[in-house]
Every structure is written in structure tokens, then in C-alpha cells.
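Chains as they are written, first to last, in our numbering: chain C, 5 to 373; chain U, 88 to 392. Read through the structure below, which is laid out as C-alpha cells, and then see the notes.
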């Protein structure tokens, strides 16, 4: 028996959403094999990874808290990814957002001003946009790869953060630790669930996801981005400004990544330290694809990936699985997902044995087709 | 030994990993496949080379294992993009995420361990010559291999029939297929070559350049290699030039920092390779004939009978 890929007349909606589920199942399965291979009890490890973080209210709150930056960044990225504009430097825009927010918090330290938090968020959005503006300009004007430029700027942003916390922004009373002072209460996002760290940021993220859905669904912009991704020539004939769409995709994703950075500084961190992100900017790429570049899909996917981040920490403590396993899972998940996506556009057909009745029938249908 | 000679001697090993990784990517891109997974494959090569060398005591096994491990990763990428026709950009990113994670997982037990550096060439007579000796005759085998491979790649692409077919697959996959050339097979082989070369580059880093293993030790070199391919307009000869220019700049930056020529924080110096890469991409875009890009680069190909 031989198998053959046959194009579908139209993409399968079933597999569009079936493929992420298949990819998750395959990843969990591979995980179990991997755990067994490094001598850990697979079931106990999987439980530590995927079940026990969900058992408490605190755990669920942490899940939403970690999911917030992932969802915000991924929703932004999804606009560009639809249009073949690849901002992979969200990590850098996140970092610049965090730095800008911290800058505002330092400026107004001790003032307890009510406008402090809104100003931090605004500054972070602008900083993220600014960091994305260079790749946008270079891609729109000079055809320089936004992939490489945005990624290079991520390294620059990380080094800039390091410079600040080791240098001018270091807490003078901090025993020489590379960190800023703890920010005021007026620079903190209000917690909305007692005894957890869940804050108003999650509500903001939900609102933004809903707006993104409306924009992608209802507006001309969403349509133009899709056309530019699927049929660049058609987009040109239709007169959709290519440069404009590049600018919008990058500024939008940069701004949202910056906002996510601010929420991290004004939320769980409360200060700047040398490492402020657990790779959110890169994980969000997986989130965007797993969520099918659809805002609501991204919401679910951000929770799934947040679970893998929390589960990774949990499994390290509970069963001694190295934390790096989380990175492997995230990579595998994206790998499986991209592979399984073939089923959206193609179907597997069994090829009948040559000379059989089935083969003759198959030939007949191909010929008439 | 004067300053200039010392500088030149330092440039060569700094350029070598960039040249090795970029050569592999160049061949892959000339066949029409954009593989953004270089950074991930390099990391896996670095950790595999290190781990196998430490465990077996044989550097040759280490280097071989590094090439094999990265080629296996590249095979996964090739299956995704060539057989399952997945998006090349997304698949390359997946490869880098996976490779970075896998390298950290494998390397967790090897952080801080010592390893014997790859032996340096020692030609009696030649290596002892003043200036020329240490400059030309006292590096390890991978340095010379990288230059030989650059020459061989250039000859292969421009002077052989197989090279012509490979370029045809990258320029116009449909026509290459119509002429009866195996597009998918050619691309598989090109991607595997790219993987093995990235592995070699990684092994050079962890066994020669900085003989140790640490997470993220490639520090973006895989991405810089991707930029170098653009800089070189997809030509191996110019790639050598680019890699050495870049190696030179990174050493210059270390010098400037150590000698305190500019009183700037260390982070500013560390930023230069990334800023220079952006600058180079801009300069190239200003004066480059766009036609240098392989016309089918990044596009999936499916034979329709």
C-alpha cells in the first residue's frame, strides 16, 4: 500500500483546528518518552507538568498571569504573520517597553502620582513601537530583512537593560546587586484576586484580544493583511499600500510587546533586573501559530504555553526534570504543528495496487477530472 | 610579536565559525531553501561536539558527532519544508527554538567542565617562522578546512554540473523539475549540508574558540551568518571576505575595550556586532542588484506530474 498527498479543493476547517490538538498530543507523548529516557517516571513528570499547576487557585492565577504577556505579544505578531511580515524581535520590544516603564517609575519615585501607571504603560507602548520602527523603515524602504534586523535589535535591547541595571539605574542601597529600587505602589498594576499575583493586566489583555478580533474580522485592514500574505501581487494590483501594511504590522506588534514588558515590570517584578523575560517574545511565536493567528485561538494557546512554562518550573522541583526541557517541548510543539498543518491543505490517499480494480477506477477518475 | 600580527592572528579563529555556518546556509539558499535554524543547529553542534569529546576523549568523534547531530535537526527541517511543504520561515524559527532547548537540555551536565582544545597545526620549520609562522601555520585543522570548503563550494557551484542543477533548483524550481532534475532531493541534500556545516561551526566554538560549554554560547553568530550570506550576494568568495571583515571587527572591538581607547561601558562594545550587522544589511541594500537573491528562495515546491 502506498500513500499519496492529494490537494484538497479547499482548506479543511476541521484540520485547521484539529492540527493544534494533534500537535499537543504528539508533544505530550514525546515528552513522556523523553522523561522515561532520562530516568524519570513519565506519568509523575507529566502530572507535575500539566496537572498539578492547575490544582490550586493560586496556580490558575499564575497561569493567567504568565499567559498575559504571551497573548499580548502573539496577538500583535499575528497581524504581521498573516501578511508575511516577520517580527521575531518581540523579545527586544518587550525589553524596551519594560525599560521605558521603569524609567517613568524611577522618575516619579516617591511621588505616588495617579498618572504614574498610565504613563508607564504609554511610555512602554511607544518604546516598543520605536524599537520596531527601525525594522519597519528598513523593510518598507530598503527591502532589508525585518527578521534579521528585529532579531539583532533584541540582543542590543538585552545589553542596554544590562547596562542600566549594572550602571546608572542600580539601586544605591541594593548591596551592589544589579537591580533597580523596588517601585512604588502607584507604579503597580492593581491585583484583582486576593492572595495571588493576578492583576488588572489580564483584563487589559482580554480587551485587546477582543479588539484585535474585531479588527481582523471586520475591518478592511484585516482583509488587506490577509491578501498581502496570501497573494502579494493581488494586493499590489488592488492598490493596498505595501509599505503602510508593513509599518502597521510592525508598530502594532512592537507596541503590544512593549505593553507586555510594562505589565511585567508593573506587575510580578516590581523592579528591573538583568533577566526580565522567560523568553516570552520567542514563545509568543509558537503561541501565534498554535492559535492559528486567530485572536481567540491565541488566547487558548497562550494558556497552553503558559502551562508549559509553569509546569517546567514545577517539574524541576517535583521530579528533577531540567528546566531546559520546556524549550524542547515548545520547539517540538511548533515542529509538530507545522508538520500537521499539511492536513489542512492536503489529504492522505491510499494509492491502490497497480493492476487492481481500484487502480483502474482511480485512473478513470483522474482522467475525467 | 607586534600588535598588528597579534590582531591578525586573533581574527582568523573569530572568522572561522561565521564562515563555516554561512557556507552551509549559502548552499541551502542557492538551492532555494531559507533555513533560519542556523543558530539552533550551531548550538546543538557545539554541545554535541563538546559532550562527545569530553566523554570519549576523541576530538574527531566530537566533531563528527556535532555534524551528525545538526544534520539530523536539518533533516527534520527538510522533512517539514520539503515533504510537508510547511512555511520555511516558521519552520526555521521552530528549528532554532528546538535546537536552543535541546542544547540546553543536553548540556546541563557539562557546564563548567574543561575540554582539551583542538590541537594546533605544528609544521616543523614553517610554524616557527616569524610573523608568517603563527599567522598562517599554527591554527587548528578546522580553520584550514573552512577555507578549503569555501574554495570547494565555489568550484562546486560554478564549475560542476551538479552545482548548476542545484542553482537551477533555487532559481526556478519548476523549470528544473521540467528538465527532469530531482528538485526535492537536491534541496534535501543542500539542507543537510547546511546542517552539517552549522554543526561544524558549533563544534569549532566549543572545542577551539572558547573550549567550554555554556548556554547560548553562539551569541547570535548563527543569525549573523545568515546576514553574511546576504552580504556576500550568495557568492562563496565574497563570503570569505565578509566573514573575515566581521571577525576583524569583533576583535577590534575587544581591543578597543581592553586598551581603554574609548571609555564606554562594556555593554556598548558588546552591542557592536549586532549594530554592525544591521549597518551592513543597510549598506548592501543600498547598492546591491536585487537579482542576486535566488529567485525561488523560500518558496515551497510540489511536483505536479
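Where is the CB? At the ideal position from N, CA and C, for every residue including glycine. Values in this document were obtained by computation on a predicted structure and should not be read as measured data.
Closer than 9 angstroms at the beta carbon, the chain C residues around residue i
i              : result
residue 361(U) : 155, 156, 157, 158, 159, 160 and 163
residue 195(U) : 326, 327 and 328
residue 188(U) : 328, 329, 330, 331, 332, 333, 334, 335 and 336
Minimum C-alpha distance to residue i - residue among the options
i              : options                           : result
residue 136(C) : 246(C), 187(C), 35(C) and 261(C)  : 261(C)
residue 383(U) : 119(U), 106(U) and 110(U)         : 119(U)
residue 380(U) : 238(U), 307(U) and 259(U)         : 259(U)
residue 134(C) : 161(C), 172(C), 305(C) and 184(C) : 161(C)
residue 154(U) : 372(U), 282(U), 371(U) and 122(U) : 282(U)
residue 132(C) : 264(C), 173(C), 270(C) and 340(C) : 264(C)
residue 349(C) : 138(U), 108(U), 311(U) and 174(U) : 174(U)
residue 269(C) : 216(C), 145(C) and 124(C)         : 124(C)
residue 317(C) : 24(C), 28(C) and 66(C)            : 66(C)
residue 211(C) : 109(C), 290(C), 72(C) and 107(C)  : 72(C)
residue 297(U) : 93(U), 92(U) and 97(U)            : 97(U)
residue 206(U) : 168(U), 197(U) and 144(U)         : 144(U)
residue 114(C) : 159(C), 40(C), 191(C) and 173(C)  : 191(C)
residue 214(C) : 76(C), 15(C) and 157(C)           : 76(C)
residue 314(C) : 178(C), 222(C) and 59(C)          : 59(C)
residue 209(U) : 183(U), 390(U), 224(U) and 122(U) : 224(U)
residue 106(U) : 314(U), 170(U) and 201(U)         : 314(U)
residue 152(C) : 311(U), 300(U), 372(U) and 251(U) : 311(U)
residue 217(C) : 322(C), 299(C), 69(C) and 289(C)  : 299(C)
Contacts that residue i makes with chain U (C-beta to C-beta distance below 7 angstroms)
i              : result
residue 345(C) : 173
residue 171(C) : 352
Under 8 angstroms from the C-beta of residue i: neighbouring residues of chain C
i              : result
residue 310(U) : 152, 155 and 156
residue 358(U) : 159, 160, 163 and 164
residue 192(U) : 326, 328, 329, 331 and 332
residue 307(U) : 155, 156 and 159
Residue i, buried or exposed, once every other Cβ within 10 Å from all chains shown has been counted against 16
i              : result
residue 392(U) : Residue placement at residue 392(U) cannot be trusted, given a pLDDT of 49 that sits under 50; what the coordinates show is reported in the next sentence. The residue in question, residue 392(U), is exposed, as its Cβ has fewer than 16 Cβ neighbours within 10 Å.
residue 370(C) : In this predicted model, residue 370(C) has a pLDDT of only 49, less than 50, meaning its place in the structure is not dependable; the value taken from the coordinates is given anyway. Burial call: exposed.
residue 194(C) : exposed
residue 97(C)  : buried
residue 215(U) : exposed
residue 189(C) : exposed
residue 198(C) : exposed
residue 235(U) : exposed
residue 324(C) : exposed
residue 89(U)  : exposed
residue 272(U) : exposed
residue 168(U) : buried
residue 373(C) : Residue confidence is low: residue 373(C) scores 40 on pLDDT, short of 50, so the model does not pin down where it sits. Its coordinate-derived value is still stated next. Result: exposed.
residue 91(U)  : exposed
residue 83(U)  : Outside the shown range of chain U, which is 88 to 392, sits residue 83(U), and nothing can be said about it.
residue 117(U) : buried
residue 150(C) : buried
Residue i CB to nearest heavy atom of the ligand MG below 7 angstroms
i              : result
residue 113(C) : Among the ligands in the structure shown, none appear at all, so the ligand MG cannot be discussed.
Residue i: contacting residues in chain U (beta-carbon distance under 8 angstroms)
i              : result
residue 339(C) : 163, 167, 178, 181, 182 and 185
residue 167(C) : 352, 354 and 355
residue 342(C) : 167, 171, 173, 174, 177, 178 and 181
Under 9 angstroms by beta carbon: chain U residues contacting residue i
i              : result
residue 1(C)   : No statement about residue 1(C) is possible, as the shown extent of chain C runs from 5 to 373 and does not include it.
residue 142(C) : 365, 368, 369 and 372
Listed by chain order, chain C residues near residue i by CB distance under 7 angstroms
i              : result
residue 313(U) : 152
residue 105(U) : Result: empty, since nearest Cβ-Cβ is about 14 angstroms, beyond 7 angstroms.
At least 3 beta-carbon pairs within less than 8 angstroms: the region 93-108 of chain C vs the region 231-241 of chain C: no
query: Do the region 77-89 of chain C and the region 243-254 of chain C touch if we need at least three Cβ pairs shorter than 8 angstroms?
result: yes
query: Just by C-beta distance, which residues in the region 277-307 of chain C are closer than 9 angstroms to chain U?
result: 283, 286, 287, 289, 290 and 293
Meets three-Cβ-pair contact criterion under 8 angstroms: the region 151-169 of chain U and the region 117-131 of chain C: No, because fewer than three Cβ pairs between the region 151-169 of chain U and the region 117-131 of chain C fall closer than 8 angstroms, the two stretches do not touch.
query: Is the number of C-beta pairs between the region 270-284 of chain U and the region 213-232 of chain U that are closer than 8 angstroms three or more?
result: no
- prompt: In chain order, what residues of the region 175-197 of chain C put their CB closer than 8 angstroms to some CB of chain U?
  reply: none
- request: For the region 74-95 of chain C, enumerate the residues whose C-beta is nearer than 9 angstroms to any C-beta of chain U, in chain order.
  value: 85, 88, 90 and 92
query: Do the region 160-167 of chain U and the region 291-306 of chain U meet, that is, are 3 or more Cβ pairs less than 8 angstroms apart?
result: Contact between the region 160-167 of chain U and the region 291-306 of chain U is absent, because fewer than three Cβ pairs lie under 8 angstroms.
query: the region 310-338 of chain C: which residues have C-beta closer than 9 angstroms to a C-beta of chain U, in chain order?
result: Of all residues in the region 310-338 of chain C, 326, 327, 328, 329, 330, 331, 332, 333, 334, 335, 336, 337 and 338 have a Cβ within less than 9 angstroms of some Cβ in chain U.
task: Examine the Cβ distances between the region 234-244 of chain U and the region 109-116 of chain U and report whether three or more of them are shorter than 8 angstroms.
output: Judged by Cβ distances under 8 angstroms, the region 234-244 of chain U makes contact with the region 109-116 of chain U, as three or more pairs qualify.
message: Using 8 angstroms as the cut-off, can you tell me whether the region 250-270 of chain U makes contact with the region 95-104 of chain U, which would need three or more C-beta pairs spanning the two stretches below that distance?
response: No, the region 250-270 of chain U does not touch the region 95-104 of chain U.
task: With 9 angstroms as the limit, tell me which residues of the region 219-235 of chain C have their beta carbon closer than that to any beta carbon of chain U; keep them in chain order.
output: none
query: Are the region 14-25 of chain C and the region 296-306 of chain C touching by the rule of at least three beta carbon pairs closer than 8 angstroms?
result: yes
message: To be precise: take each residue of the region 237-250 of chain C, compare its Cβ to all Cβ atoms of chain U, and keep it if any distance is under 9 angstroms. Which residues remain?
response: none
field: Near-chain C residues of the region 279-297 of chain U (beta-carbon distance less than 8 angstroms), N- to C-terminal order
entry: none
field: Interface positions of the region 129-146 of chain U facing chain C (Cβ-Cβ less than 7 angstroms), listed along the chain
entry: Residues passing the 7 angstroms Cβ filter: none.
message: Assess contact between the region 44-57 of chain C and the region 190-208 of chain U, defined as three or more Cβ pairs (one per stretch) separated by less than 8 angstroms. Is contact present?
response: no
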